[in-house]
Amino acid sequence: MKSDQPLFLNEEQVRQHLRIEDLIPTMEKALIDFSSGKVTQPVRSVIKVDPPGGFYGMMPALSPEGLGQKIVTFYPPNAGKGIPTHMALIVLNDPQTGAPLAVMDGRLITEMRTAAVSAAATKLLASKDAKVLAILGSGVQAQSHTEALRLVRNFEDIRLWSPTREHAEKFAKEIGANATSAEEAVRGADVVVTATNSKTPVLHGAWLKAGCHVNAVGACRSDWRELDDEVMSNVVFVDSREAAMKESGDVILSGAKIYAELGEALAGKVPQRTNETTLFKSLGMAVEDIAAGMLVYREVILVAKPSID
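Written out as structure tokens, the structure is:
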């Protein structure tokens, strides 16, 4: 390997060097850096591609971890074609010279870092003795969230709902969950995850157990909802206030008051309010992708060092 040439890593190569156990603390630091003003990150720029009904997003950031950007596509119609709805590339640059360090597949990073951020939120905000997990959705985010959240809480009962019953039953069998209705999944749950492509609410506040924690990772457009107004009336945490006020239909259309950024809570700058019903609305940020990408990059370089003269 020539050290002066950028790395090119496909999804499988990224997978070999990325572990969810390492991602969770990495995401905690990235969120704290962002909310502490140590990150330069404009809200993502999005181009709508219609037809076929897709979105092309550009997400640059400069952080203490590095410099770069993610280019991400979101094509909901892909679900019916058997190909990923989200695809991405991450470009890393040397902050000192601007030279390209790496270009890597970002689909898996997006999947894993989103779940790692939700795990960080759950670790901080959910009841310490949380035993019941409800997941609304059965796609890649539902799968990655199951893996990540199991690292921060010991769940004894996992309940699952998906708009497609066949998908729900298949995924439930894979993870040892019970496929049921959305309401039955949520009632009595200590932690709830919404990870759907729905444009209208799939989670209703009337179902929520008092003191539970919700991670909402779908509805990434300003006119899309996954959560009804009653859900949004609880204690709302976001990754970025600026992004939430521009991109989150759940926040914008409900008129919800944002209590804090997750990074502020992780840094101990605001009370956690863990005895109340809490919601983390996740939109995803470039600083998370850069931090995850640099984690992969450093691991690859470390492994390759013995072969470099």
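Sequential numbering from 1206 applies to the sequence shown in the numbering used here.
C-beta atoms are modelled at their ideal positions from N, C-alpha and C, and glycine is treated no differently.
Item to check | Among V1443, E1431, M1490, E1452, the one whose alpha carbon lies nearest that of G1273 | outcome: M1490
Item to check | Assumed close pair V1436, L1484 - CB separation to whole angstroms, cut-off 8 Å | outcome: 7 Å
Checklist entry - Which parts of the stretch 1335-1409 are runs of the beta strand (DSSP E), unbroken and 3 residues or longer, counting only runs that do not cross its ends? => result 1337-1341, 1362-1366, 1396-1399
Checklist entry - Near A1284, what residues of its chain come up, given a Cβ to Cβ distance below 6 Å and the 5 sequence neighbours on each side ignored? => result T1290
Next on the checklist: Among the candidates K1486, K1328, W1412, whose CA atom is the shortest distance from the CA of F1442?
Outcome noted: K1486
Checklist entry - Is it true that the CB of D1444 sits closer than 9 Å to the CB of L1236? => result yes
Next on the checklist: My output table needs one value for L1306: the three-state DSSP class, helix, strand or coil.
Outcome noted: strand
Checklist entry - Thinking C-alpha only, which one of A1509, L1507, V1508, M1499 is nearest L1306? => result M1499
Item to check | Residue(s) in a DSSP beta bridge with A1266 | outcome: G1273
Checklist entry - Got a sec, what are the start and stop residues for the beta strand (DSSP E) I1237 sits in? => result Here I1237 belongs to no beta strand (DSSP E); instead the alpha helix (DSSP H) covers 1225-1240.
Checklist entry - From W1412 to V1391, what does the alpha carbon distance come to, in whole angstroms? => result 6 Å
Item to check | Where K1486 sits in the DSSP three-state scheme | outcome: strand
Next on the checklist: Looking at the secondary structure, which residues open and close the beta strand (DSSP E) in which Y1464 lies?
Outcome noted: 1463-1466
Checklist entry - Going by other Cβ atoms of all chains shown within 10 Å of its Cβ, with 16 needed for buried, is G1242 buried or exposed? => result exposed
Next on the checklist: Would S1453 and L1408 be called neighbours here (beta carbons separated by less than 9 Å)?
Outcome noted: no
Checklist entry - Can you name the start and end residues of the beta strand (DSSP E) that A1293 belongs to? => result 1291-1298
Item to check | Secondary structure of K1328, DSSP reduced to three states | outcome: helix
Checklist entry - Should D1514 go down as buried or exposed, given a rule of 16 or more other Cβ atoms within 10 Å for buried? => result For D1514, the predicted structure reports a pLDDT of 43, less than 50, and the residue's modelled location is therefore unreliable. A value from the coordinates is still provided. Exposed.
Checklist entry - Closest to A1339 by CA distance: which of L1356, A1449, A1400 is it? => result A1400
Checklist entry - Taking DSSP as the reference, what is the three-state secondary structure of K1207? => result Its pLDDT being 44, under 50, K1207 is placed unreliably by the model, and the measurement read from it follows with that caveat. K1207: coil per DSSP, three-state reduction.
Checklist entry - Do the CB positions of A1293 and V1277 come within less than 9 Å of each other? => result yes
Item to check | Alpha-carbon spacing of F1360 relative to T1385, whole angstroms | outcome: 17 Å
Checklist entry - Going straight from the alpha carbon of R1355 to that of L1214, what length do you get? => result 28 Å
Next on the checklist: Less than 9 Å between the C-beta atoms of C1425 and A1331, yes or no?
Outcome noted: no
Item to check | Paired residues, beta bridge with I1288 - DSSP | outcome: None, per the DSSP bridge assignment.
Checklist entry - In angstroms, rounded to a whole number, what distance separates the CA positions of I1225 and K1286? => result 28 Å
Item to check | Counted within 10 angstroms of its Cβ, other Cβ atoms place K1207 as buried (16 or more) or exposed | outcome: Low confidence applies to K1207: its pLDDT is 44, below 50, so where it sits in the model is not reliable, and the reading given next is rough at best. Per the 10 Å Cβ criterion, exposed.
Item to check | A1321 and L1467 closer than 9 Å at C-beta | outcome: no
Checklist entry - Does the beta-carbon distance from S1349 to M1317 come in below 9 Å? => result yes
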